[in-house]
Amino acid sequence: MALTSAIVLYAVTWFMTMLVALPIGLKTQGDLGEKVEGTHDGAPANYNPKRKALWVTIVATVIWALLVVVILSGWVSWHDLDWTAKLPSVADS
Numbered sequence: 005m006a007l008t009s010a011i012v013l014y015a016v017t018w019f020m021t022m023l024v025a026l027p028i029g030l031k032t033q034g035d036l037g038e039k040v041e042g043t044h045d046g047a048p049a050n051y052n053p054k055r056k057a058l059w060v061t062i063v064a065t066v067i068w069a070l071l072v073v074v075i076l077s078g079w080v081s082w083h084d085l086d087w088t089a090k091l092p093s094v095a096d097s
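Numbering (our numbering), first residue to last: 5 to 97.
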């Protein structure tokens with residue numbers, strides 16, 4: 005795996021983890037009954053982006069490390085995921 009591939013894999017893993025983690029533990033203004041004038045009931049009341057980013061970074065790094073180990077070990081290769089190799093050829097039809 006090249007350095008660029010590792011960086012892209014980490015970025016994708018981090019953003020996917022962030023999308024999963026965003027709603028976890030979120031309390032809305034409507035839930036707490038402390039609605040600020042001019043905001044929606046679904047607006048977050050206790051959003052802490054630094055804490056969320058820290059946890060996402062820790063979890064994403066662990067997931068990324070596992071993915072790198074699997075890729076570099078050869079347990080799963082591109083040939084294992086290539087479903088087009090299993091298609092019948094045009095000559096067989």
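Every residue gets a Cβ at the ideal spot worked out from N, C-alpha and C, and that includes glycine.
- As for any alpha helix (DSSP H) of minimum length 4 sitting wholly inside the region 20-44, the runs are 33-36, ordered along the chain.
- As the crow flies, the alpha-carbon of T32 is around 27 Å from that of T17.
- Its Cα nearest to that of A15, the residue V63 stands out among P92, T88, A95 and V63.
- Nearest to T61 by alpha-carbon distance, out of F19, V72 and S93, is F19.
- In the structure shown, P48 adopts extended strand secondary structure according to DSSP, grouped into three states.
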